[in-house]
Amino acid sequence: MFEQEKIAVSRLRQAYNLSATEADNLVLSLWPSKAFPLELWQEAHETYWRSFAERNASLYGLEIPSLPEVGDAQTFNSYLLSCDVMLFFQKLSRCIHVHALELGLRHILENSHDEPDAVFPEERQTLLNALSKSLGYQPVEYDQSMRKEDDGFQEDSPAFIPVSYYHIISRIFLNTILVDRTAAIRLLHEYPWQEVKGLTRAVVEAALKPDSSSSSLPPVESNPSAETVTEVLAEDGKLVFRVPAALWQGKPDPAVRDAMKASYPRAVIAYVLLHWCGPGSPGPDHKTPQGRKTHVGRLLAEKEYRDEKSYRNQVDTLLKEADAYTILQA
182 MFEQEKIAVS
192 RLRQAYNLSA
202 TEADNLVLSL
212 WPSKAFPLEL
222 WQEAHETYWR
232 SFAERNASLY
242 GLEIPSLPEV
252 GDAQTFNSYL
262 LSCDVMLFFQ
272 KLSRCIHVHA
282 LELGLRHILE
292 NSHDEPDAVF
302 PEERQTLLNA
312 LSKSLGYQPV
322 EYDQSMRKED
332 DGFQEDSPAF
342 IPVSYYHIIS
352 RIFLNTILVD
362 RTAAIRLLHE
372 YPWQEVKGLT
382 RAVVEAALKP
392 DSSSSSLPPV
402 ESNPSAETVT
412 EVLAEDGKLV
422 FRVPAALWQG
432 KPDPAVRDAM
442 KASYPRAVIA
452 YVLLHWCGPG
462 SPGPDHKTPQ
472 GRKTHVGRLL
482 AEKEYRDEKS
492 YRNQVDTLLK
502 EADAYTILQA
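Residue numbers (our numbering): 182 to 511.
Take a look at the structure:
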């Protein structure tokens with residue numbers, strides 16, 4: 182269990198009525214020495230997940246997924262890290278039983294939220310139900326000689342679970358970050374607040390008393406810089422992507438793709454190309470909706486297809502993923 186002087190971002194948001202942007206800027210202000218992005222996830226991994234993953238990896242020849250590395254970088258991007266954690270959880274779900282996944286996830290939520298059952302209950306249950314149906318159950322004493330080609334733990338076994346089902350992991354991540362409680366209280370001293378678990382009046386008054394160890398900390402920005410591309414968690418739970426006009430306006434499609442691919446998912450790039458850029462590429466086949474979709478599919482394809490319909494299907498899949506996001510012009 183984490184030390185008493187650390188507190189989860191979710192409880193600070195509840196106490197100080199912080200928006201997702203303000204919470205993200207708080208973490209940025211406390212990074213790197215007073216923010217602990219993966220501590221709860223590491224606890225869950227060590228307590229509930231690692232031993233099962235190692236056992237099943239040896240039985241079924243699977244890769245053991247590892248938590249992403251945060252490192253000592255001077256800059257911190259909670260959105261990118263949340264995507265890495267989501268990918269870790271997705272890989273983990275293919276090599277351990279859903280019950281162990283649920284126990285670890287509950288540990289994280291119970292130590293970061295006062296009402297863990299109220300945190301995306303439908304989305305969480307949808308993911309767990311899908312995993313339960315897809316992977317089934319294999320007992321620990323399952324013998325290597327009994328392995329079948331359609332075994333649910335095999336890495337190449339089709340799980341048929343939409344990627345969007347895993348978005349709950351990236352959505353909850355910011356709120357599960359632990360920060361130094363005293364430092365956070367001092368940064369937020371101008372905000373009105375109410376008592377929550379771990380943040381009583383006595384705790385706040387003690388943190389705000391001047392002492393020799395208090396340091397000057399930068400203020401929390403209410404709004405992100407207009408010059409930066411901001412990806413934050415919206416209040417409705419959707420991921421928000423802000424795309425500056427300089428990346429896409431008046432540019433040919435390949436240039437738009439190249440400018441965005443380092444910072445945005447393919448789903449967002451597909452959305453921008455189809456809805457904002459228009460059929461500006463040369464060639465008559467790009468002027469029809471069907472031809473345009475084929476063209477965008479070719480630009481974003483990770484492999485070559487023999488037929489044009491496969492490129493269009495790929496774009497349809499990306500657009501469905503984009504429905505889970507809020508994509509704005511910056």
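Using N, Cα and C, we set each Cβ at its ideal position, and we do this for glycine too.
- Ala448 sits away from Leu509, with the two beta carbons spaced by 9 Å or more.
- Ile350 sits away from Met441, with the two beta carbons spaced by 9 Å or more.
- Per DSSP, Thr498 lies in no beta strand (DSSP E) segment; the continuous alpha helix (DSSP H) that holds it begins and ends at 489-503.
- Measuring C-alpha to C-alpha distances from Thr507 to each of Gly431, Pro302, Ile450 identifies Ile450 as the nearest.
- DSSP lists Ile188, Ala216 as the bridge partner or partners of Val360.
- Non-local C-beta neighbours of Asp361 in its own chain, meaning closer than 7 Å and more than five positions away in sequence, comprise Glu186, Lys187, Leu211, Lys215, ordered along the chain.
- A straight-line Cα-Cα distance of about 28 Å links Gln375 and Val421.
- Around the beta-carbon of Leu359, 16 or more other beta-carbon atoms lie within 10 Å, marking it buried.
- Taking C-alpha positions only, Gly379 is separated from Arg231 by approximately 29 Å.
- Ile289: member of the alpha helix (DSSP H) spanning 279-291, first to last residue.
- The alpha-carbon of Tyr346 is positioned some 19 Å away from that of Val496.
- For Leu481, the enclosing alpha helix (DSSP H) begins and ends at 470-481.
- Rounded to whole angstroms, the separation of the alpha carbons of Val344 and Ile353 is 16 Å.
- In this chain, Ile450 is not harboured by any beta strand (DSSP E); it is covered by the alpha helix (DSSP H) spanning 447-453.
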